[in-house]
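One structure below.
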Amino acid sequence: MKATNFLAALAILAGGCAQTEAPAPEGRLAARVNGTAITIAGNPGAAREASTQALDKVIDRELLVQEALRKGLDRDPKVAARIEDARREVLAQAWLDQAAVAPAGSAAEPEVARFYAENPALFAQRRIYRYQELVVSAPPDKLELVRGELAGARDLEDVAGWLKWRSLKVSQVASATAAAEQLPLSYLPQLARMKPGDMAVFPSPLGASVIQLVQAQDAPLAESEAAPVIEQFLAGRRRLEVAAAELKRLRGAASIEYVGEFKR
Numbered sequence: 011m012k013a014t015n016f017l018a019a020l021a022i023l024a025g026g027c028a029q030t031e032a033p034a035p036e037g038r039l040a041a042r043v044n045g046t047a048i049t050i051a052g053n054p055g056a057a058r059e060a061s062t063q064a065l066d067k068v069i070d071r072e073l074l075v076q077e078a079l080r081k082g083l084d085r086d087p088k089v090a091a092r093i094e095d096a097r098r099e100v101l102a103q104a105w106l107d108q109a110a111v112a113p114a115g116s117a118a119e120p121e122v123a124r125f126y127a128e129n130p131a132l133f134a135q136r137r138i139y140r141y142q143e144l145v146v147s148a149p150p151d152k153l154e155l156v157r158g159e160l161a162g163a164r165d166l167e168d169v170a171g172w173l174k175w176r177s178l179k180v181s182q183v184a185s186a187t188a189a190a191e192q193l194p195l196s197y198l199p200q201l202a203r204m205k206p207g208d209m210a211v212f213p214s215p216l217g218a219s220v221i222q223l224v225q226a227q228d229a230p231l232a233e234s235e236a237a238p239v240i241e242q243f244l245a246g247r248r249r250l251e252v253a254a255a256e257l258k259r260l261r262g263a264a265s266i267e268y269v270g271e272f273k274r
């Protein structure tokens, strides 16, 4: 589990707008584009500047849609196929959202307490880390070579120089500050043992990150502070589990025939 799973997705600004052939009762009529009504949803007290920017984006899109229809692009086979793909994607996601509504309630207190206790690096022993990072592009069998370069190195610039000499691609050394929840969970046990100046190698999808710790500051979160975020994460995890179970059920009940080169 990566800590970024705890961050709630931000609503896209333009998502608050929609267009329809007639004024929609659930939205505020905001404009008409060649007779087509554009409505905007949300709180009437929302920031006017943000609402105006969102509305202008929807108006621009509506103008492009109208021009595409006038040119008959909706009848182009490639365009029609993309429209159908988008329609199916929306319908599939709508069903998953509906199926996952039931278990989306708040997690029970024991479940929250257990999750808090099982992840001390994110909560009771949470820290804010200041560090330098060197990203190395290397296959997995080269990671021991990268680790070996740390023994005699004074800093990441030394490591970078030696790795370049061995024809490995490395990034510029970058400085960063991140709280525990902003880092991969797999990094945290090693970081917790490190002292300022220590270096460590962490595998990554494209190779490795070499991190030199500059400073670690304790910043614990009490269970009462963390509970809302934990509840949100657990609810999201339950929704994913429900979606997986629903897909398994549908596949089990369906008649699926693979043909041609895809035949199984």
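Using the numbering used here, read the sequence shown as starting at 11 and increasing by one per residue.
Cβ atoms here follow ideal geometry from the backbone N, Cα and C, with glycine treated the same way.
Please return the same chain residues whose Cβ sits closer than 6 Å to the Cβ of Y197, not counting the five positions on each side in sequence. Within the sequence shown, numbered from 1, the residue matching residue 197 stands at position 187. Excluding sequence neighbours, Y197 sits near F212.
For A186, the first and last residue of its enclosing beta strand (DSSP E): In the sequence shown, counting from the first residue as 1, residue 186 sits at position 176. Its beta strand (DSSP E) spans residues A184 to A189.
Since L201 is in the alpha helix (DSSP H), which residue starts that stretch and which ends it? Taking the first residue of the sequence shown as 1, we reach residue 201 at position 191. Unbroken alpha helix (DSSP H) run through L201: L198 to R203.
Assuming the contact rule is C-beta atoms closer than 8 Å, A229 and A189 should be a hit. Round their C-beta distance to whole Å, please. For the purposes of this step, residue 229 is taken as the residue at position 219 of the sequence shown. For the purposes of this step, residue 189 is taken as the residue at position 179 of the sequence shown. Confirmed, about 7 Å.
Rounded separation between L244 and D107 - CA only: Position 234 of the sequence shown, counting from 1, holds the residue named residue 244. Position 97 of the sequence shown, counting from 1, holds the residue named residue 107. So the two alpha carbons sit approximately 16 Å from each other.
So for K273, helix, strand or coil by DSSP? On the sequence shown, position 263 is the one that residue 273 refers to. Three-state result, K273: coil.
Whole alpha helix (DSSP H) runs in the segment 124–195 with 4 or more residues, listed along the chain? 153–158 and 166–175
Sorted by chain position, which residues of the same chain lie with C-beta nearer than 7 Å to N44's C-beta, five sequence neighbours on each side aside? Counted from its first residue, the sequence shown places residue 44 at position 34. Answer for N44: Q76, listed in chain order.
Assuming V156 contacts L173 under a Cβ cut-off of 8 Å, what Cβ separation, rounded to an integer in Å, is found between them? As a working note, residue 156 is residue 146 in the sequence shown. As a working note, residue 173 is residue 163 in the sequence shown. Indeed, because the Cβ distance is near 7 Å, the residues count as touching under 8 Å.
Who are Q227's beta bridge partners in DSSP? Residue mapping note: residue 227 aligns to position 217 of the sequence shown, counting from 1. Bridge partners of Q227: I138.
Just the Cα atoms here: how many angstroms apart are L257 and E251? Residue 257 sits at position 247 when you count from the first residue of the sequence shown. Residue 251 sits at position 241 when you count from the first residue of the sequence shown. For L257 and E251, the distance between alpha carbons rounds to 10 Å.
Bridge partner(s) assigned by DSSP for G246: Stepping through the sequence shown from its first residue, residue 246 is reached at position 236. Note: G246 sits in no beta bridge, so no partner.
Within this structure, are the beta carbons of L223 and P199 separated by less than 8 Å? If you number the sequence shown from 1, residue 223 lands on position 213. If you number the sequence shown from 1, residue 199 lands on position 189. No, the pair does not count as a contact, with Cβ atoms beyond the cut-off.
By how many angstroms is the C-alpha of E94 removed from the C-alpha of A109? Position 99 of the sequence shown, counted from the first residue, corresponds to residue 109. Position 84 of the sequence shown, counted from the first residue, corresponds to residue 94. Roughly 23 Å between the two C-alpha positions.
Quick test of your reading: I69 and A96, contact by CB under 8 Å. State the CB separation rounded to the nearest angstrom. Working through the sequence shown from its first residue, we reach residue 69 at position 59. Working through the sequence shown from its first residue, we reach residue 96 at position 86. Between A96 and I69 the Cβ distance is about 21 Å, and since that is not below 8 Å, they are no contact.
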